[in-house]
Amino acid sequence: MTLINKMVRSNEFYLFLVIVVICVIIQIRSGQFFTPNNLVDLANAMVVPGLFGVGAYLVIVSGGIDVSFPALASLAVYAVTRVLVDSDFQGPWIVPFLLIVVLGAVLGAFNGLFTSRIAIPTLIITLGTANVFSGIMQGALSSVQISQLPPSMEAFGRASLFTATNPKSGLTSAMPVSFLLLVAVVAIAFLVMRYTMFGRGIFALGGDESSAVRAGFKVRRIKFWLYVLVGVIAAIGGFVRTTSMGQMHPTNLLGSEMLVIAAVVLGGAAITGGTGSLTGVMLGTLLIVIVQNSMILLGIPTFWQRAALGILIIVGTGISAVQITRRRRRQRLVAE
Amino acid sequence: MTTSTSTPTTTKNRFGFLKDLDPQIIRLVVILAALLLFFMITRGGAFVRVSTWQAMGVAFPEFGLMALGVMLTMITGGIDLSSVGIANMTAIASATVMLSMAPAGATPGQQATAMVVGILISIGLGTLAGAFNGFLVAKVKIPAILVTLGTLELFTGIAIVMTAGKPLSGLPMIFSETLGGKVMKIPMQLIIFVIVAVIIGVILSRTSFGAKLYMLGSNATAAKFSGLNSGSLLIRTYALSGMCAGVAGLVMMANYNSAKADYGSTYTLLTVLIVVLGGVSPLGGSGKLIGVVLAITVLQILQSGLNMFPQVSNFYLPLIWGATLLLAISIPNITATLRKLTKKD
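Chains as they are written, first to last, in our numbering: chain A, 918 to 1253; chain G, 9 to 353.
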C-alpha cells in the first residue's frame, strides 16, 4: 500500500476534509474565519480540551473510559490554589504547577488502584471517583470561587507568545504561552506511545487484554501508571484553565468530559480500544472547537451547543462503528 | 485460623435457609436495618414521623424509575446514561402541549384532557427516544456507553433548544394535584413507582422476554446461536428503559410543578450507582429487581437521614454516593482476596 493510498483510507484524512469544508463555509458566510485573531482564538480555545483529549485518548486506547478527569483537575487545582492563596504565596509559577501535577498524580493513582484491581467497566469506576473528587472539593473543602490567584500564576495566564491583530476590526488576540504546554504534552505522549514498551502495552491492552497478559505485558502495572499519567495531564489542563481565566472557579470544568471524549472518538480512536492516533485527537478537538466557536461567528444561539455535540458524538461514533463492522465482515470473508 | 474456617459451617447449619439467598441482597438488608436503627436512635421522633416517610415516597421515584430502566439495560450487558435527558425532554414536550391545550383559566374539562394527552406524550416520546438508543446499540453497533452519552447530550440539547434553557411553569392545576397528590396518605409518586416496579418484576421473572434478557447478558454469542433475535430484543429493552424515564419525567414535573432542561442532572451517576449496588453485574446477565429496589431504599434513607443532621452539608452527597459505589464494586474483590488469603493459611 502506498503512502497516499494509506492516507486516503484513514479516518484522519476525512476528518481533515470535513474541517476544511467547514472552515470554507464559515469564511464565506462570515468573512471572519481566516483572520489572524480568529485563528489565534481557535488555538487558544484548543489548549485545555486538547490537553484533556490527550489523557482521554490514552485511556480509550487502553480500552477504558475516564469521566473523572474534570473533577480530578478541579480538585487538584483548587486544593493547591487554596493553600497558596491562604499562605500568601509570592514565588514563581513553577511551584504551584509542580504541586498541582503531583496532586494530579496522586489522584490519578487513586483511579489507577481501582482500575488495575477490579474487573469492572472503567466508566463505572471513574463515575465513582469523579463524585468522590468533586465531593471532597465541594463538601470537605467547601469550595468557593477564588477570585485572586497568586501573582505568578496570574502572570503565567497573561503571558503571551505573540499578538495577532484583525486588520479590519482591529481586534487583537494573544497566543498564550500555555499553547507550548499543549505542544509539549502531545510530543511526549507521541514519543511514549510510539517508542516505549509502556506505550505498546497500552495499545496491546486495548486490543485484547488476555492476549496482552499472555504476551507478557504487566497489565496491572500498565493500567496503574496509565491512570497516574492521565491524572498528571488532567491536572496540567486544570492549571492552564485556571491561570487563563485569572480565577479559580471550582465547578467550571465539571461536565466537560463528554465533549473531550467526543473529540477523541471523532478523531478515530475506537471506543473498544487498541487503535487511534494523536493526530486524530487533535483534529477531533479542532473540529469541536471550530463548531463551538463558529456558532458565535454565524450567529447561532449557543443553546444549540449541546444538541450539536450530541449529534456529533452519535454520527462520529456511528461512522466508526460501521467501519469496524465492515472490517470484521471483510476479515471473515478472507478467513473463509 | 480455626475461627475463619469454622464460622461459615456453623452459619450454614444454623441458617441453612439463607444459603439460597443472594449474598448481595442479604448485605443490603443488613445495611438497611443498620441505617434504620442508627437514624432511629440518633434522630428518634423526627425520623419515625409519617411526614418524613411521605417525603421520601415523593422524592425517590424520580431517580428510582430511571434506575429500573437502567437495570434492564445493564442485565443485557449494556447501560443507559440518557435517562435524565429523556426525562427532561419528554417532560418539556409534555409541558409544552399541556400549556397550549390548557392555558391559565382553562375549564376543568380542558385541563383533564390536557393532562391525559400530556401523560401519553411523555410515555410515548420516552419509549421512542429509548427505541432510538436501542436502534443505535443493536443495528449501528455503537457501544451502549457512547450511544447513551451522545443521546444524553442530544436529548438535553433538544430540551434546552425547546425552552432556551428556561423553566416551563404554569402547568394545569389538575396535573400536579393528581400526580403530586396522596391516596390514603400514600404519595401518588410512590404508587406510580410501585406499579412500574411490579410490571418490570413480572416481565423479568414471568415472561420469555425477561428470560431472554438474562440469556443475552450472560453470553451474547450463545444467545445468538440459540436463535435469539438480539436486535429486536435490545431495541425493546432500551425502549422500555426510555419509557421508565418518560414516567420519571412526569413525576419530576409533578414534584417541581414545572419542567426544565437541567433538572436532576446528578441522577446519571445515581442510577448507575443504584443498579450496581443492587447487585446487577455491569458485565450483564445477572441481577434482581428486589436488589435494585433495596438499593434505592438504602440510598433514599441515607439521604433523608443525613438531611436531619444540619452540620452535614448537601455537598457531601456526591462524596458519599461515590464512595458507596466504589465500596460496592470493591467488596466482591476484597472478599475474593480474603478467601484466597485464608485458604493459603
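Using N, Cα and C, we set each Cβ at its ideal position, and we do this for glycine too.
Taking residue i as the reference, which of the options has the closest Cα?
i	options	result
Q1209 (chain A)	A:S1090, A:R1075, A:I936, A:L1195	A:I936
K149 (chain G)	A:V1061, A:T1234, A:R1249, A:Y995	A:T1234
I200 (chain G)	G:I87, G:G113, G:F71	G:F71
A262 (chain G)	G:L285, G:P340, G:I100, G:G86	G:I100
I274 (chain G)	G:L89, G:I33, G:T84	A quick correction: the sequence has Thr, not Ile, at residue 274 (chain G). T274 (chain G) has its Cα closest to that of G:L89, out of G:L89, G:I33, G:T84.
N1048 (chain A)	G:V306, G:V280, G:A269	G:V280
L76 (chain G)	G:P195, G:V206, G:L133, G:S216	G:V206
G272 (chain G)	G:A114, G:G93, G:V320, G:G225	G:G93
T1080 (chain A)	A:N961, A:M1212, A:V1181	A:N961
S130 (chain G)	G:G257, G:G138, G:G287, G:I203	G:G257
L1001 (chain A)	A:S947, A:I1063, A:L1204	A:I1063
A228 (chain G)	G:A267, G:L291, G:V191	G:L291
A1026 (chain A)	A:A1151, A:I939, A:L1099	A:A1151
M64 (chain G)	G:Q311, G:L334, G:R347	G:Q311
M181 (chain G)	G:Q118, G:V204, G:V284	G:Q118
L278 (chain G)	G:F68, G:L36, G:A41, G:P31	G:F68
G1184 (chain A)	A:I977, A:I943, A:V941	A:I977
F163 (chain G)	G:L36, G:T215, G:D270	G:D270
Name, in chain order, the residues that DSSP records as bridge partners for residue i.
i	result
L176 (chain G)	G:A267
M1165 (chain A)	A:I1063
F1079 (chain A)	A:M1092
V283 (chain G)	Partner(s): none; V283 (chain G) has no beta bridge.
P195 (chain G)	G:K190
CA-CA distance, residue i and residue j?
i	j	result
S1194 (chain A)	L959 (chain A)	21 Å
K296 (chain G)	L934 (chain A)	49 Å
L144 (chain G)	A167 (chain G)	21 Å
I921 (chain A)	N928 (chain A)	13 Å
T998 (chain A)	G254 (chain G)	43 Å
L107 (chain G)	I127 (chain G)	13 Å
F986 (chain A)	M260 (chain G)	30 Å
K220 (chain G)	L198 (chain G)	29 Å
F1107 (chain A)	D1125 (chain A)	21 Å
N265 (chain G)	R1223 (chain A)	25 Å
T18 (chain G)	T345 (chain G)	In this prediction, T18 (chain G) scores a pLDDT of 45, lower than 50, which makes its location untrustworthy; no coordinate-derived value is stated.
V56 (chain G)	Q308 (chain G)	15 Å
I945 (chain A)	V1018 (chain A)	43 Å
P111 (chain G)	L176 (chain G)	12 Å
S1237 (chain A)	S91 (chain G)	24 Å
I1241 (chain A)	P326 (chain G)	37 Å
P16 (chain G)	N237 (chain G)	Reliability fails at P16 (chain G), whose pLDDT of 45 lies under 50, so the model's placement of it is uncertain and the value that follows must be treated cautiously. The straight-line gap from Cα to Cα measures roughly 43 Å.
S1127 (chain A)	G178 (chain G)	58 Å
T13 (chain G)	T350 (chain G)	Note that T13 (chain G) scores a pLDDT of 42, beneath 50, so its modelled location is shaky; the value from the coordinates is reported in the next line. Straight-line Cα distance between these residues: approximately 8 Å.
R1131 (chain A)	G1118 (chain A)	12 Å
I1041 (chain A)	A1101 (chain A)	31 Å
Q62 (chain G)	I194 (chain G)	7 Å
A120 (chain G)	V202 (chain G)	24 Å
R1249 (chain A)	V1239 (chain A)	15 Å
L73 (chain G)	G189 (chain G)	18 Å
R885 (chain A)	K147 (chain G)	The question about residue 885 (chain A) has no answer, for chain A in this structure spans 918 to 1253.
V1149 (chain A)	L1024 (chain A)	9 Å
F233 (chain G)	I1228 (chain A)	34 Å
Below 8 Å on C-beta distance, what does residue i contact in chain A?
i	result
F323 (chain G)	G1052, Q1055, G1056, S1059
T159 (chain G)	G1227, I1231
Along chain A, in chain order, which residues have C-beta atoms closer than 7 Å to that of residue i?
i	result
S226 (chain G)	Ordered by position in chain A, no residue passes the 7 Å Cβ test against S226 (chain G), which lies about 16 Å from the chain.
I150 (chain G)	T1234, G1235, A1238
A172 (chain G)	F1220
V280 (chain G)	I1041, L1044
G113 (chain G)	Those do not exist, as G113 (chain G) stays about 30 Å from chain A at its closest Cβ, beyond 7 Å.
N341 (chain G)	R1034, I1035
Could you tell me which chain G residues have their CB closer than 8 Å to the CB of residue i, listed as they occur along the chain?
i	result
N1028 (chain A)	Residues of chain G passing the Cβ test: none, with the nearest at roughly 10 Å.
V1049 (chain A)	P326, L327, G330, A331, L334
M1212 (chain A)	Neighbours of M1212 (chain A) on chain G: none; closest Cβ ~12 Å, over 8 Å.
Could you tell me which chain A residues have their CB closer than 9 Å to the CB of residue i, listed as they occur along the chain?
i	result
A360 (chain G)	What is shown of chain G runs 9 to 353, which leaves residue 360 (chain G) out entirely.
Report back the beta-carbon spacing between residue i and residue j to the nearest angstrom; my notes put them in contact at under 8 Å.
i	j	result
S1051 (chain A)	L1171 (chain A)	6 Å
I1035 (chain A)	I337 (chain G)	6 Å
L1200 (chain A)	L932 (chain A)	5 Å
V1157 (chain A)	V964 (chain A)	6 Å
G970 (chain A)	V1198 (chain A)	5 Å
F1141 (chain A)	S1033 (chain A)	4 Å
A152 (chain G)	G86 (chain G)	3 Å
Anything in chain G within Cβ reach of residue i, meaning under 9 Å, just list it in chain order.
i	result
F969 (chain A)	Within 9 Å Cβ-Cβ: nothing; F969 (chain A) doesn't reach chain G, min ~15 Å.
M1175 (chain A)	L157, G158, L160, E161
Report the neighbours of residue i on chain G: residues whose CB is nearer than 7 Å to its CB, in chain order.
i	result
R1223 (chain A)	E161, T164, G165, I168
P899 (chain A)	Look at the range of chain A in this structure, 918 to 1253, and you will see that residue 899 (chain A) is not part of it.
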